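Position one of the sequence shown corresponds to residue 31 (this note's numbering), numbered consecutively onward.
Just so it is clear, CB atoms sit at the ideal spot from N, CA and C, and this is done for glycine as well.
All values reported here derive from a predicted model rather than from experimental measurement.
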Amino acid sequence: MANAVNPDPSTLKVALLPDENAATIIKKNRPLQEYLEKKLDRKVQLIVTTDYSSMIEAMRHGRLDLAYFGPLSYVLAKQKSEIEPFAAIRQKGKTTYQAVVIANTSAGIDRIEDIAGKDVAFGDKASTSSHLIPKSMLAEKKLYAGQNYREHFVGAHDAVAMSVQNGHAQAGGLSKPIFETLVSRGMIKPEKVKVIAESEPFPQYPWTMRSDLDPQLKQKIKSAFMEINDPAILKPFKAEGFGAVTDKDYDVVRNLGSLLKLDLSKF
Numbered sequence: 031m032a033n034a035v036n037p038d039p040s041t042l043k044v045a046l047l048p049d050e051n052a053a054t055i056i057k058k059n060r061p062l063q064e065y066l067e068k069k070l071d072r073k074v075q076l077i078v079t080t081d082y083s084s085m086i087e088a089m090r091h092g093r094l095d096l097a098y099f100g101p102l103s104y105v106l107a108k109q110k111s112e113i114e115p116f117a118a119i120r121q122k123g124k125t126t127y128q129a130v131v132i133a134n135t136s137a138g139i140d141r142i143e144d145i146a147g148k149d150v151a152f153g154d155k156a157s158t159s160s161h162l163i164p165k166s167m168l169a170e171k172k173l174y175a176g177q178n179y180r181e182h183f184v185g186a187h188d189a190v191a192m193s194v195q196n197g198h199a200q201a202g203g204l205s206k207p208i209f210e211t212l213v214s215r216g217m218i219k220p221e222k223v224k225v226i227a228e229s230e231p232f233p234q235y236p237w238t239m240r241s242d243l244d245p246q247l248k249q250k251i252k253s254a255f256m257e258i259n260d261p262a263i264l265k266p267f268k269a270e271g272f273g274a275v276t277d278k279d280y281d282v283v284r285n286l287g288s289l290l291k292l293d294l295s296k297f
């Protein structure tokens with residue numbers, strides 16, 4: 031981990047999740063950039079890395095000041111970096127969300143046990159809701175990748191849903207809010223894809239910051255996020271606002287890693 035990183039930088043490097051085209055993400059989040067520049071009285075540079083692991087590495091080496099992680103990628107980054115979560119998106123009054131296991135309607139799958147012997151699509155290996163949570167839901171029914179079903183990593187949440195709809199995989203796992211958005215946009219047809227199981231609630235994607243930032247700056251950053259109510263800023267996050275979170279909220283994600291006997295250091 032890099033030492034001697036400026037605790038009070040004149041330009042804050044802020045990373046966003048690489049779950050869409052980088053130019054699109056930066057354009058969508060211009061209102062956030064402008065808001066933070068005004069509230070924090072300094073320049074803000076938005077950064078989109080090529081994937082989750084490169085974002086974790088950038089944070090580890092002090093090349094980022096703030097980063098918006100998925101729950102699992104946060105846990106992985108926390109193992110390698112001195113960082114802390116301070117805010118998570120709030121939807122329907124909660125800072126939690128769910129994953130779903132979906133199936134192609136013609137695949138003869140009505141419950142998780144029916145997935146035995148089938149092809150299952152997951153998103154990114156470091157994704158919580160398109161890998162870790164759905165895989166744990168299958169494991170709870172004694173279904174294990176490579177033994178009871180064949181797993182395929184297809185990258186993004188929408189790619190999981192499309193893979194199941196197109197029949198490339200008979201089942202898959204992804205974020206419930208993202209799946210509902212894909213259905214509402216007409217990209218996923220309910221007559222072709224159905225939800226067969228929903229997960230327990232899990233902590234939402236956290237905003238994190240370097241722990242060695244100046245304490246006054248850290249407090250300003252926290253306050254700035256808690257006060258966000260502009261729909262233009264919140265729209266890319268599909269959020270009503272942001273609520274406070276702590277590292278302890280993500281113990282449930284660490285416990286999932288143990289359930290699946292995952293060596294999180296290898297992600």
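DSSP links residue 129 through a beta bridge to 205. Around residue 171, the same chain offers 142, 143 as residues with beta carbons nearer than 6 Å, after the five sequence neighbours per side are excluded.
In the same chain as residue 257, and ignoring 5 residues on each side of it, no C-beta atom comes closer than 6 Å to its own. Nearest in C-alpha terms to residue 263, of all of 65, 47, 40, 140, is 65. The stretch 41-118 contains, as complete beta strand (DSSP E) runs of 3+ residues, the segments 41-46, 73-78, 96-98 (chain order).
For the pair residue 267 and residue 127, the CB atoms are not nearer than the 9 Å cut-off. When the Cα atoms are used, residue 182 and residue 194 turn out to be separated by approximately 11 Å. Around the beta carbon of residue 214, fewer than 16 other beta carbons sit within 10 angstroms, so the residue counts as exposed. In this model, residue 62 and residue 265 are separated by some 10 Å (Cα to Cα). By the Cβ neighbour-count rule, residue 238 is buried, with 16 or more other Cβ atoms within 10 Å of its own. In the same chain as residue 157, and ignoring 5 residues on each side of it, the C-beta atoms closer than 8 Å to its own belong to 82, 100, 102, 103, 187, in chain order. Going by C-alpha positions, residue 208 is about 10 Å away from residue 159. In this chain, the beta strand (DSSP E) harbouring residue 223 covers 223-228.
In the structure shown, residue 151 adopts extended strand secondary structure according to DSSP, grouped into three states. Under the criterion of beta carbons closer than 8 Å, residue 45 and residue 94 qualify as touching, at roughly 5 Å. Inclusion of residue 191 and residue 167 in the CB contact set at 9 Å is not warranted, their separation being larger than that value.
Residue 238 has 97, 115 as its beta-bridge partners, per DSSP. Around the beta carbon of residue 180, fewer than 16 other beta carbons sit within 10 angstroms, so the residue counts as exposed.
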